[in-house]
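There are 2 protein chains.
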Amino acid sequence: MTVYSKKKSQDNMDIISVAIVEDNHDIRTAMELLINGSDGYACIGAFNNAETAVEQIPSLLPNVVLMDFNLPGGMNGIECIARLKGEYPDMHFMMLTVYEDDDKIFQALEAGASGYILKKTPPSELLSAIRDLHEGGSPMSSQIARRVVAYFQKQAKPNPALEALTSREKEILDQLSKGFLYKEIASNLFISIETVRRHVHNIYEKLHVRSRTDAVNKYYNR
Amino acid sequence: MTVYSKKKSQDNMDIISVAIVEDNHDIRTAMELLINGSDGYACIGAFNNAETAVEQIPSLLPNVVLMDFNLPGGMNGIECIARLKGEYPDMHFMMLTVYEDDDKIFQALEAGASGYILKKTPPSELLSAIRDLHEGGSPMSSQIARRVVAYFQKQAKPNPALEALTSREKEILDQLSKGFLYKEIASNLFISIETVRRHVHNIYEKLHVRSRTDAVNKYYNR
DNA sequence: TGTAAGATAACATAAACGTGGTATAATTAC
DNA sequence: GTAATTATACCACGTTTATGTTATCTTACA
């Protein structure tokens, strides 16, 4: 059996294959030229719309895809990533954007983008970001990182309405959230089922809800 | 009324006040010397344990706190951040760590840390990370950013068990998750309550659960 | 054209939940 | 040292949810 080695650049690094999805002709061409003109990188596809990209990329299987947000036609960059990422989980996607404060950051990340950089990023940095992404990093500016961290922290912090609960009530609510029956909660906490009822009743009053599901939704800040 | 201007460095930048919480004497002293020896930065406190830090930092009110993970005594760096961040939400915390692959990243972020860098970070980078943090960024390596993004994506993607549900069943489950009564769901979807029952029953069978709360927990990937 | 899957609907029964009232220790706060 | 809070407990009643069985109609598809 013959083992073929991967293409190597002059520096003996693996060549990173890149595809570009960007409707602006000038930007697309400039990136294509940059990538093909740089040792260790090869642009193996460039598309001006998401539909063609979704159709062609499965036969090209690039290591990295650079994706614009807004694309002509029915599909935007986020949906394009979602479709491809579902089929090819190991493919790495880098979102290209004009603004750092775009709320679509989160949609892009949820869809499967791992890197997130500005279009105005200097050529050398774009190349190193591509390599970084290929090697398992998530290149992004610290401004964008802060927004991701803030989102993370927001999800983590509990609803302030829960502070009105006593510690025992929080304990009961936690059991409720896990789906235990009253009798199971009673046995888990070594109290009578009637006491569980009473606690639940008090919890509902404090949270202004009338069902377990509503209480649990408040517990999880929804 | 006299207005006092903030201290300015030679470059006319505001001076960033920094506190350090780190039990290793050599590292702590080295950082203190670096910060005090650099124009635009001032180390206004250095502590070798969390308890003293929690006690003293409120009277110092530094712009930025550099925090070690492991500290002697009962309190670790994460709890120290949580306590202080609760009282001073505008204070910025930078986690100092030896390893990038620490699972405590997420605990630190939840507690309120915004930056996350390695102890071996070169002096000049440490200083720019401090400034970056002070100015609203979240300095972190792209390796750490990837882990945060991955965590984010994991939370976002729905439980694959839900794919066994028909679209109508997903609709019902969504209504269940919002806490609607069967009769409300029936009226919202213009079907009889008996049909709601049937759908719920089928959903439970497919998800292998026996209660609304368990179904909703699966719906939200918990 | 027949069959499988999905959405619709009804009925019966039992289990679980939600609401109201009442009460008693124990602890905490003032 | 008294008042307020918290955790505990019981009962009664009505509502909601969960399970089991059966049946009709439509759509997809082989």
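Chains as they are written, first to last, in my numbering: chain Y, 1 to 222; chain E, 1 to 222.
Every residue gets a Cβ at the ideal spot worked out from N, C-alpha and C, and that includes glycine.
Note that the structure is predicted; figures quoted are calculated from it, not measured.
Counting only Cβ-Cβ distances below 7 Å, Val200 of chain Y has no contacts in chain E at all, with the closest Cβ about 13 Å away. Look at Gln143 of chain E: its C-beta is under 9 Å from a C-beta on chain Y.
Around Asn217 of chain Y, the beta-carbon contacts reaching into chain E at under 7 Å are Gly179. Assigned with DSSP and collapsed to three states, Ser167 of chain E falls in helix. In the structure shown, Thr97 of chain Y adopts extended strand secondary structure according to DSSP, grouped into three states. Cys43 of chain E and Glu87 of chain E have their alpha carbons spaced roughly 21 Å apart.
In this structure, the CA atom of Asn202 of chain E is about 13 Å from the CA atom of Ser167 of chain E.
When C-alpha distances from Asn221 of chain Y are compared across Y:His199, Y:Gly179, Y:Glu163 and Y:Met94, the shortest belongs to Y:Glu163. Contact between Ile16 of chain E and Ile130 of chain E holds: CB atoms are separated by about 6 Å, below the 8 Å threshold.
Excluding the 5 residues flanking it on each side, Leu207 of chain Y has same chain C-beta neighbours closer than 7 Å at Ala161, Ala215 and Lys218, in chain order. Just measuring C-alpha positions, the residue of Y:Glu184, Y:Leu173, Y:Tyr99 and Y:Glu169 sitting nearest Thr121 of chain Y is Y:Tyr99. Contact annotation: Thr213 of chain Y and Gly179 of chain E have beta-carbon atoms nearer than 9 Å.
From the beta-carbon of Arg212 of chain E, the residues of chain Y found nearer than 7 Å are Thr213.
Of all residues in the stretch 145-177 of chain E, those with a C-beta nearer than 9 Å to a C-beta of chain Y are Ala145, Arg146, Arg147, Val148, Val149, Ala150, Tyr151, Phe152, Gln153, Gln155, Ala156, Lys157, Leu176 and Ser177, reading in chain order. For Pro139 of chain E, a Cβ of chain Y is located within less than 9 Å of the residue's own Cβ.
Here Val64 of chain Y has Ile16, Val18, His92, Met94, Ile130, Leu133 and His134 as same chain residues with Cβ atoms under 7 Å from its own Cβ, once five neighbours each way along the sequence are excluded. For Val200 of chain E, there is no enclosing beta strand (DSSP E); the residue is part of the alpha helix (DSSP H) that begins and ends at Ile193 to Leu207. Using a C-beta cut-off of 8 Å, the stretch 145-160 of chain E makes no contact with the stretch 26-36 of chain E, since fewer than three inter-stretch Cβ pairs fall below that distance.
The continuous stretches of beta strand (DSSP E) do not include Phe69 of chain E, and DSSP gives it neither H nor E. Rounded to whole angstroms, the Cβ separation of Val21 of chain E and Met75 of chain E is 10 Å, and the two are not in contact under 8 Å.
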